[in-house]
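With mature numbering (1 follows the signal peptide of the UniProt record, and there is no 0) as the guide, the letters of the sequence shown map in order to residues -20 to -1, 1 to 614.
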Amino acid sequence: MRWLTLISYGLLSFISTVASAKTAWTPRVPRVHDDTFTPTHVLRISRKEFCVGGIIRYTTLVNDSLPGPELHLPEGQVVWIRVYNDMHDANLTMHWHGLAQAAAPFSDGTPMASQWPIPPQYYFDYELRMPKGTAGTYYYHSHVDFQTSTANGPLIVDDPPDRRLPYPVDGDRVIHISELFYETDSEVVAGLRAAPFRWSGEAGGFLINGDTISVYRVVDPGSSKLTVIEIDPGKWYRFRFIGAMALSYVAIAFEDHPDLEVIEVDGGYTKPYSTPLLQIGSGQRFSALFKAKTCDELRRTGMLDYYIQVEPRDRPSNVVSYAVLRYRNTCGIGGNPYVSTTAVPSKRPINLPPTIDGFLDYRLEPLFPNNFPTADQVTRRVMVYAQQQVDSYVLWTDNDVSWVDAHPLPMQTSPTEPYLVALYKNASQYLPNYEASIANHGIDPRTKTYPAKIGEVIEIVFQQVGSRNVDKWWAGGLDTHPWHAHGSHIYDIGGGPGVFHPDIAERQLKGTHPIRRDTSMLFRYTKRVQENQPWGWRAWRLRVEDAGVWMIHCHTLQHMVMGMQTVWVFGDVEDIMKARYPDVSGYLEYEGSVNGNATHAPEVVHFFEWEDEEDDEEEAEAEAEAEAEAEDAA
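This is the structure in structure tokens:
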């Protein structure tokens, strides 16, 4: 079969039985998404030669652009996004970063965890519903190999039109930050999995809304340019910052505009917090209020253009990239108030500080109460020891497990079919052993997944450990890691250097009001310690409420390719399978009928519609029971 040559997954040869532990399954017929069906948005992913940053690169693109189109989704409604895999030689999924709660089953976009990937020349219809309170800043991206570095784009969940906004502004601007690498996606992945190991190299430039002037030799002058972001004098703006970098932790600031007021983090409103700069990790998003200069202020400077400066942190590279913040000339300023957009400044206009470890930790507060779990509500703690291990290959491991979704190296873990699919096909056989996991750092030794029961409150601690190296050339090495949670947002309770201790963590937390996030930073605090020495931690609390199969992983793409990923299974068989769902057989095979192509339309389950019907049925049953009880009492 063709898929064997593409991903070498191999199906397990067990009988497909879909049954609930307690309730008989009621099949319902999926709908055919033929020409009468119109998706809310359409994304087409392809690979082609693309001019960017002055070079020509074979690049994975969304709708032939970089970044992909900006999607706006309405809070509280169901949307369908059709994703075409127009590539000829690679699988694809699309993840809705920060919106995993909104995804229907099989729609989170994690290959070999929640769904089979979309085969080449097929398409898949993703079903999303944005719950109340999710209005904010997100992005979408491929979740396969290094495609994510360019196959991504902004995603904004809009506040309902009748909602009074907590921070009214005159305008909204997106600042989408990504990176430019000279090697192609396939070359990067091949090097990271090679023996001897071949590093991807550092980014040659930071793309701001798709533009940069890179450090590479210019072969296409037309694409070597700076993005221009236009604003009006005297207005208030909401700047939405999206960290779509593959590798780097970055610092960003505005020339001669020292005040940014953070009001949103990872899709949740916060109380205002003033800062002269932002540090942003891969997968993180911030919104900040920005007060534009008045005409009087602009006349005093005689300038309408100001640089936006982006620099890497905790990387050996010293590449600096820019965009231009441009005021529309409504003030009648004469002379030459503009800067060149085809050259970088000869001197850095902003002197940014070195890495601020623990940036904004313990400082941000939620705008609305968020049901933060206190220490006495925590049911258990899971320690995740993150370490680089160097032998013939270079891997990243979590509790000595290196997990990848395809093409595993000899010492890596990779499933033969998606965990969620396996649970639907064979029920409890592939459910992890909860008791065994408790005795093994929270990880089930057989399935290599982390199980949790609905209703638990888990404290997850990421403890970095100095690298283990057989030839000692990089023994004790540390790195900075943006940890990302699929599913429910977590409560970030901070971090620190050295070894995690609950008393220290609780002391640092005292008097603060943690916010909910989906991505937060495990800082390295120093470059190197002793081999196998624990150094640097980040801690979360999580209310286990959403049944399903969810990834928690480092969002540095190179580290993901090298195995820095974990899979969590929330709930038991009945919780996950939701017994009364309709027929999902089309989701359970690679190239299953849920995928469309040139010869047939997909057969798709409308999960949220069935859920709404079931909710109505349950309400009707409850009302009938209440009426019967009232009659009996009478």
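We treat Cβ as the ideally placed atom computed from N, Cα and C, and that holds for glycine.
From a predicted model like this one, the values you see are computed outputs, not experimental measurements.
What are the boundary residues of the alpha helix (DSSP H) that includes glutamate 486? As a working note, residue 486 is residue 506 in the sequence shown. Taken as a continuous stretch (DSSP letters only), the alpha helix (DSSP H) holding glutamate 486 covers 482 to 489.
Cutoff 6 Å; reference isoleucine 330; Cβ partners in own chain excluding five residues on either side: In the sequence shown, residue 330 corresponds to position 350, counting from 1. Here the set comprises Ala233, Glu235, Gln289.
Expressed to the nearest angstrom, what Euclidean distance is found between the alpha-carbon atoms of tyrosine 430 and glycine 551? In the sequence shown, residue 430 corresponds to position 450, counting from 1. In the sequence shown, residue 551 corresponds to position 571, counting from 1. Taking C-alpha positions only, tyrosine 430 is separated from glycine 551 by approximately 11 Å.
Please list the segments of the beta strand (DSSP E) lying wholly inside the region 65 to 147, counting only runs of 3 or more residues, in order along the chain. The qualifying runs are 74 to 77, 103 to 109, 116 to 122, 132 to 138.
Buried or exposed by the 16-neighbour rule on C-beta atoms within 10 Å, applied to glycine 491: As a first step, residue 491 must be located in the sequence shown, where it is residue number 511. Flag for glycine 491 reads exposed.
Going by alpha carbons, who is nearest to glycine 48 out of Glu55, Thr40, Pro54? As a working note, residue 48 is residue 68 in the sequence shown. Checked all of Glu55, Thr40, Pro54; the closest Cα to glycine 48 is Thr40.
How would you label aspartate 44, buried or exposed, when you count the other beta carbons within 10 angstroms and need 16 or more for buried? The sequence position of residue 44 within the sequence shown is 64, counting from 1. So aspartate 44 counts as exposed.
Please report how far the alpha carbon of arginine 293 lies from the alpha carbon of glutamine 513, in whole angstroms. The residue labelled residue 293 in the question sits at position 313 within the sequence shown. The residue labelled residue 513 in the question sits at position 533 within the sequence shown. C-alpha separation (whole angstroms): 23 Å.
Under 9 Å between C-beta atoms of alanine 455 and glycine 446: Locating residue 455 in the sequence shown gives position 475, counting from the first residue. Locating residue 446 in the sequence shown gives position 466, counting from the first residue. Against a cut-off of 9 Å, the Cβ pair of glycine 446 and alanine 455 comes out as a contact.
Please go through the same chain and pick out, in chain order, the residues whose beta-carbon is closer than 7 Å to the beta-carbon of proline 10, but skip the five residues on each side of it. Here the question's residue 10 lines up with position 30 in the sequence shown. Closer than 7 Å at the Cβ level, and outside the excluded window around proline 10, lie Pro562, Asp563, Gly566, Glu583, Val584, Val585.
Okay, do the region 52 to 69 and the region 96 to 109 touch, 3+ Cβ pairs below 8 Å being the bar? Yes, since at least three Cβ pairs between the region 52 to 69 and the region 96 to 109 fall closer than 8 Å, the two stretches touch.
Which two residues bound the contiguous beta strand (DSSP E) that contains cysteine 31? The residue you call residue 31 lines up with position 51 of the sequence shown. Counting along the chain, the beta strand (DSSP E) containing cysteine 31 begins and ends at 21 to 32.
For threonine 536 versus alanine 226, is the C-beta spacing smaller than 9 Å? Counted from its first residue, the sequence shown places residue 536 at position 556. Counted from its first residue, the sequence shown places residue 226 at position 246. In this structure, alanine 226 lies closer than 9 Å to threonine 536 by Cβ.
Using C-beta distances below 7 Å, list every residue in its chain close to glutamine 526, excluding the 5 sequence neighbours before and after it, in chain order. Locating residue 526 in the sequence shown gives position 546, counting from the first residue. What sits at residue 526 in the sequence shown is aspartate, not glutamine. Within the same chain, aspartate 526 has close Cβ partners Gln81, Gly467, Ser468, Phe550.
By Cβ distance below 8 Å, which residues in the same chain neighbour proline 238 in space, the five residues on each side in sequence not counted? Within the sequence shown, residue 238 is the residue found at index 258, counting from 1. Closer than 8 Å at Cβ, skipping near neighbours: Pro256.
Confirm, please, whether the CB-CB distance from tyrosine 229 to arginine 295 is below 9 Å. On the sequence shown, position 315 is the one that residue 295 refers to. On the sequence shown, position 249 is the one that residue 229 refers to. Against a cut-off of 9 Å, the Cβ pair of tyrosine 229 and arginine 295 comes out as a contact.
Should histidine 13 be labelled buried (16 or more other beta-carbon atoms within 10 Å of its own) or exposed? The residue labelled residue 13 in the question sits at position 33 within the sequence shown. When all chains shown are included, histidine 13 counts as buried.
I'd like the span of the alpha helix (DSSP H) that includes leucine 240, first residue to last. Looking up residue 240 in the sequence shown gives position 260. Taken as a continuous stretch (DSSP letters only), leucine 240 belongs to no alpha helix (DSSP H), being part of the beta strand (DSSP E) at 240 to 245.
Buried or exposed: which applies to histidine 481, given that a residue is buried once 16 or more other Cβ atoms fall within 10 Å of its Cβ? By one-based count along the sequence shown, residue 481 stands at place 501. Exposed.
Buried/exposed call for threonine 428, threshold 16 Cβ in 10 Å: Looking up residue 428 in the sequence shown gives position 448. According to the sequence displayed, residue 428 carries lysine and not threonine. Label assigned to lysine 428: buried.
Beta carbon of valine 299, beta carbon of glycine 185: below 9 Å? Looking up residue 299 in the sequence shown gives position 319. Looking up residue 185 in the sequence shown gives position 205. Taking 9 Å as the Cβ cut-off, valine 299 and glycine 185 qualify as a contacting pair.
My guess is that valine 137 and methionine 110 are in contact by the Cβ rule of under 8 Å, so how many angstroms apart are they, rounded? Counting from 1 along the sequence shown, the entry for residue 137 is found at position 157. Counting from 1 along the sequence shown, the entry for residue 110 is found at position 130. Yes, they are in contact, since the Cβ atoms of valine 137 and methionine 110 sit about 5 Å apart, within 8 Å.
In whole angstroms, what is the alpha-carbon distance linking arginine 521 and isoleucine 188? Here residue 521 corresponds to residue number 541 of the sequence shown, with the count starting at 1. Here residue 188 corresponds to residue number 208 of the sequence shown, with the count starting at 1. Straight across, the Cα-Cα distance linking arginine 521 with isoleucine 188 is about 33 Å.
Going by alpha carbons, who is nearest to tryptophan 548 out of Ile25, Ile532, Val541? Against the sequence shown, residue 548 aligns to sequence position 568. Considering only alpha carbons, the answer is Ile532.
Comparing C-alpha positions only, which one of Trp60, Ser180, Val124, Phe266 sits nearest to leucine 344? Counting from 1 along the sequence shown, the entry for residue 344 is found at position 364. Checked all of Trp60, Ser180, Val124, Phe266; the closest Cα to leucine 344 is Phe266.
Could you give the DSSP three-state label for tyrosine 152: helix, strand or coil? As a working mapping, residue 152 is identified with position 172 in the sequence shown. Reading the sequence as shown, one finds aspartate at residue 152 and not tyrosine. Residue state, collapsed to three classes: strand.
Which residue comes first and which comes last in the alpha helix (DSSP H) that contains glutamine 538? As a first step, residue 538 is located in the sequence shown; it is residue number 558 there, counting from the start. Residues 537 to 541.
Exposure label - glycine 435; buried when at least 16 CB within 10 Å: In the sequence shown, the residue the question calls residue 435 occupies position 455. It counts as exposed.
Counting only the same chain and skipping the five closest in sequence on each side, list residues whose C-beta sits under 7 Å from that of glycine 263. Translated into positions along the sequence shown, residue 263 becomes position 283. So the list reads His77, Gly223, Pro462, His464, Thr499, His535, once near-sequence residues are dropped.
Distance, methionine 544 Cα to valine 208 Cα: The sequence position of residue 208 within the sequence shown is 228, counting from 1. The sequence position of residue 544 within the sequence shown is 564, counting from 1. Annotation: valine 208 to methionine 544 spans about 36 Å, alpha carbon to alpha carbon.
Rounded to the nearest angstrom, what separates alanine 366 and lysine 205 at their Cα positions? Translated into positions along the sequence shown, residue 366 becomes position 386. Translated into positions along the sequence shown, residue 205 becomes position 225. Going by the C-alpha atoms only, they are around 39 Å apart.
In this structure, does DSSP put glutamine 513 in helix, strand or coil? Here residue 513 is taken as the residue at index 533 of the sequence shown, counted from 1. Reduced to three states, the DSSP call for glutamine 513 is coil.
Any 3 or more C-beta pairs closer than 8 Å across the region 333 to 348 and the region 239 to 259: Cβ pair count under 8 Å is three or more, so yes.
Hey, would you say proline 146 sits closer than 9 Å to tyrosine 249, going by beta carbons? Locating residue 146 in the sequence shown gives position 166, where the first residue counts as 1. Locating residue 249 in the sequence shown gives position 269, where the first residue counts as 1. Closer than 9 Å, so yes.
Which word fits glutamate 291, buried or exposed, when buried means at least 16 other C-beta atoms lie within 10 angstroms of its C-beta? In the sequence shown, counting from the first residue as 1, residue 291 sits at position 311. When all chains shown are included, glutamate 291 counts as buried.
Please classify asparagine 351 as buried or exposed, where buried requires at least 16 neighbouring CB atoms within 10 angstroms. As a first step, residue 351 must be located in the sequence shown, where it is residue number 371. Counting Cβ neighbours within 10 Å, asparagine 351 comes out exposed, since fewer than 16 surround it.
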